[in-house]
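Below you'll find the structure, written out as structure tokens, and then a few comments.
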Amino acid sequence: MRMHSIARLTRWSCLAWLLGPLVGCNDILKVNNPQQVGVDQLNNSALLTAEVNGVISELENIYTRRNGALLWSANFLTDEQVTGINWEDFARVNQRIVNYTEGPVFSLWSGLSRVVRLGEDVTARLETLADPNDKRIATTAVLAAYGYVFIGESMCQAVFATAQNPGNTILSPPEVFQQAIPWFQRAIQVATATGQTNIVKLAHVGLARTYLNLGDFANTIAEASQVTDPAFKYWVEYAAVQDSQFDGLFDRTHGANHTMGVSPFFLQGTFGTQDLVATQTDPRIQHTTRWTFGHNGLTKLYKPYQGLRFSGYSGQTIAPASASCPGCTGATPDPTGDRGPLLLYQKDTRVLLADYLEAQHDLYEAMMRQGGNDAAVNQFVNDRRAVGNEPAVTLTGPALFDELRVQRSRDFYQGGLRLGDLRRWKRDGVGDFFPTGNHVNQEWGVYGIWTCFPLPLEEYQGNPNIQPPANPLIPPGI
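So for the sequence shown, our numbering puts the first residue at 4; every next one is plus one.
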């Protein structure tokens, strides 16, 4: 089956129309004297395709490329990753210590804000300059919706407005999630009318994720149930053509200054041990057998191989077949990690934005949260355990939900959902599963208390309607 992706309109993008000097971008725009494009000049139907591609490119950037990328430094707050970066302010985030003046805070907020702002603005231009049912609206609307979802999952608070009319209302995460709903619904409306079934499915998965974050389990089930195609996958695409098109995770796992490592919570073996082979039985969370020092010369980094959310996932294990793991394959990784059977993140590695499996996880979590069918959840859990070469279990109640959460964490490892999951479970009273105790770098001390990113200093400096925190050391909101 053909896979779908947010790069479907074209395999390249052009951001020049808004972000800086106007330069040629293949054949979309050609100029002899580059100059900045004013906002008033964007109301030109000839620029609409370039503007749509700009929204797509912003989503690609915030997923893996920016310093505040969701799959990189924004993920430092979770238990998925340890960083070997030698930037103190970023390292503190991996210790769950966040300051609104430093680290990835501004890059994360500005990138996510751009996805929302551009998605909404370009949608409005399409409706005005093209057609209210232009098929491209489905793309820009669904990406605006995902921008809101990512903000709700990552930021402690948010404020939305325009440069001309700065906002004055600070929104909590639940209020941000509510902002996503009409945009997903608009995407479904247009995609249905124009026959874009892939975007219809994408929006239903996004709505299920949104309602789950809101604790609206009935609507979570209703939306997730709309996605019935097990082959459905929607990719964020990258290409190895030039630096601006790379998957940003490539640099995090390559070269002498690599920075990305698997945390002890997901490591298949004892952290600090070399030659981890027999314990690597779950293909979803494979990693290098030996740790190496990277950028900071301090953190022990076991580089992660591509998991289920990535296009290079192979389903193989380093652990050999045995009586306890007959499904293990005994794969021998290439030393570079750039050839099979297990791959590090590559320049052209695609990353899932949504798929059928995500809808299923949301469905069964919602069922459990509202007192659902234990038999059905057990079947789903055991199907996922089989993928991880684990034997079947029969569980009920809290033990079953614990196992469902474990399988979710392995299915989605490093795929951008973990921070939202941890915050949702903590917010809803399910449990606090953020990393605590001593960081693996003993020199860094214990983990802090942050679970989200505050609005950056730049937002307060640019918006006279809101006031900076009286005590920036205390996390705001939830």
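Virtual Cβ for every residue (Gly too), placed ideally from N, Cα, C.
Go ahead and pull the three-state DSSP assignment for residue i.
| i | result |
| --- | --- |
| T295 | strand |
| Y316 | coil |
| L356 | strand |
| A148 | helix |
| T86 | strand |
| A190 | helix |
| L304 | strand |
| A221 | helix |
| N260 | coil |
| N46 | coil |
| V507 | The requested residue 507 is not part of the displayed model; the chain covers only 4 to 481. |
| A389 | helix |
| L345 | coil |
| Q453 | Checking the sequence shown, residue 453 turns out to be Trp, not Gln. In the structure shown, W453 sits in coil (DSSP, three-state: anything other than H, G, I, E or B). |
| W75 | coil |
| A402 | helix |
Compare the Cα-Cα distances from residue i to each of the options and report the closest residue.
| i | options | result |
| --- | --- | --- |
| F456 | N46, V384 and G71 | G71 |
| M370 | L215, G318 and T165 | L215 |
| Q167 | G465, A473, Q470 and Y316 | G465 |
| F187 | A206, F93 and L366 | A206 |
| H261 | V58, N222 and F296 | F296 |
| V433 | P401, D414, G418 and Q445 | P401 |
| V354 | K429, G310 and P344 | G310 |
| Q382 | V162, L407, Q277 and F269 | L407 |
| G391 | A49, T282 and G170 | T282 |
| D386 | H364, T399 and Q373 | H364 |
| K138 | A190, Y149 and N89 | A190 |
| R388 | G419, G375 and D405 | D405 |
| Q245 | A324, K350, A183 and Q182 | K350 |
| I288 | D358, A225, I477 and V409 | V409 |
| I224 | G375, R430 and V443 | G375 |
| P338 | P286, Y308, L356 and A324 | Y308 |
| A183 | E368, Y151 and A164 | Y151 |
| A324 | Y316, G419, L45 and V280 | V280 |
| P286 | P135, Y316, F274 and H298 | Y316 |
Would you mind giving the Cβ-Cβ distance between residue i and residue j, rounded to the nearest angstrom? I have them listed as a contact below 8 Å.
| i | j | result |
| --- | --- | --- |
| E123 | A147 | 5 Å |
| R426 | S412 | Not a contact, Cβ separation roughly 14 Å. |
| F153 | L115 | 5 Å |
| V125 | V55 | 6 Å |
| T143 | V58 | 5 Å |
| A77 | S157 | 5 Å |
| K306 | G258 | With 8 Å as the limit, K306 and G258 do not qualify as a contact, their Cβ atoms being about 11 Å apart. |
| G87 | L345 | Not confirmed; about 20 Å, so no contact. |
| L74 | R99 | About 18 Å; that fails the 8 Å criterion. |
| D377 | L403 | 6 Å |
State yes or no: is the beta carbon of residue i nearer than 8 Å to at least one beta carbon in chain D?
| i | result |
| --- | --- |
| L345 | Going by chain labels, chain D is absent from the structure shown, which holds only one protein chain. |
Whole angstroms are fine: how far does the CA of residue j sit from the CA of residue i?
| i | j | result |
| --- | --- | --- |
| T230 | G272 | Sequence inspection shows Val at residue 230; the Thr mentioned does not correspond to that position. Rounded to whole angstroms, V230 to G272 spans 36 Å at the Cα level. |
| L12 | Y416 | Unreliable positioning characterises L12 in this predicted model, as indicated by a pLDDT of 41, which lies under 50. A coordinate reading is not provided. |
| R117 | E61 | 7 Å |
| G440 | I452 | 11 Å |
| N468 | I173 | 10 Å |
| T197 | P233 | 23 Å |
| T454 | V101 | 9 Å |
| T335 | G300 | 27 Å |
| F313 | Y241 | 11 Å |
| G218 | A227 | 14 Å |
| L25 | A53 | Low local confidence applies: a pLDDT of 28 at L25 is under 50, so the model's placement there is unreliable, and no value is given. |
| Q470 | D424 | 29 Å |
| T284 | F235 | 27 Å |
| W294 | T104 | 32 Å |
| D82 | A94 | 14 Å |
| R268 | R128 | The sequence given here places Phe at residue 268; Arg does not occur at that position. For F268 and R128, the distance between alpha carbons rounds to 46 Å. |
| L270 | D414 | 14 Å |
| P438 | Y450 | 7 Å |
| C159 | P479 | 6 Å |
| G448 | R372 | 36 Å |
| N89 | A326 | 43 Å |
| Q277 | T291 | 9 Å |
| E393 | C328 | 8 Å |
| I321 | M263 | 20 Å |
| Q445 | V265 | 17 Å |
| A133 | T200 | 21 Å |
| G333 | W428 | 36 Å |
| A141 | G343 | 37 Å |
| T256 | N171 | 41 Å |
| V85 | A379 | 35 Å |
| V119 | L45 | 17 Å |
| E361 | Y348 | 21 Å |
| E180 | G155 | Note on residue identity: the sequence assigns Phe, not Glu, to residue 180. F180 and G155: Cα-Cα distance of roughly 6 Å. |
- Counting Cβ pairs closer than 8 Å, one from the region 102-114 and one from the region 63-70, do we hit at least three? yes
- Do the region 245-264 and the region 203-221 touch if we need at least three Cβ pairs shorter than 8 Å? no
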